[in-house]
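Numbering (this note's numbering), first residue to last: 95 to 209.
For each residue, glycine too, the CB sits at the ideal point set by N, CA and C.
As structure tokens, the structure follows; a few thoughts come after it.
Here you go:
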């Protein structure tokens, strides 16, 4: 099986560099806002990552789901916590998010296998 975590991160990094090299002020501000929104605040980083994960799942953004899964993993969230959040996302989003739920579980397993 290919290393889906490595492939995703390499592609994301490469494309972000290309996008940011266009020096578009609006895009740069959105990237900055996204980064700062997930900083520690009234809500801790773990909570914010779970919120991002749920919203991304409901919106059916696979790249966003992968990003928030990896951030959640790095923040020390457990599989049980992530699974519960994905359950809420599936409840809110409906059965149309089930394919995204499958890919989310596959990606989480890849993160765990990386150690």
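Whole-angstrom distance between residue j and residue i, CA atom to CA atom
{"i": "residue 98", "j": "residue 136", "result": "33 angstroms"}
{"i": "residue 198", "j": "residue 159", "result": "7 angstroms"}
{"i": "residue 109", "j": "residue 116", "result": "11 angstroms"}
{"i": "residue 155", "j": "residue 112", "result": "20 angstroms"}
{"i": "residue 138", "j": "residue 169", "result": "10 angstroms"}
{"i": "residue 123", "j": "residue 132", "result": "15 angstroms"}
{"i": "residue 121", "j": "residue 105", "result": "18 angstroms"}
Simplified DSSP assignment, three categories, for residue i
{"i": "residue 141", "result": "helix"}
{"i": "residue 116", "result": "coil"}
{"i": "residue 157", "result": "helix"}
{"i": "residue 97", "result": "coil"}
Burial state of residue i (16 or more Cβ within 10 Å)
{"i": "residue 209", "result": "exposed"}
{"i": "residue 171", "result": "buried"}
{"i": "residue 151", "result": "buried"}
{"i": "residue 188", "result": "exposed"}
{"i": "residue 129", "result": "exposed"}
{"i": "residue 167", "result": "buried"}
Residue from the options with nearest C-alpha to residue i
{"i": "residue 162", "options": "115, 205, 101 and 188", "result": "205"}
{"i": "residue 165", "options": "141, 111, 191 and 101", "result": "141"}
{"i": "residue 174", "options": "139, 202, 103 and 111", "result": "202"}
{"i": "residue 223", "options": "105, 103 and 153", "result": "Given that the chain is displayed from residue 95 to residue 209, the structure contains no residue 223 and the question cannot be resolved."}
Is it a yes or a no for the region 135-151 touching the region 165-182, going by three-plus beta-carbon pairs under 8 angstroms?
Result yes; three or more Cβ-Cβ pairs closer than 8 angstroms.
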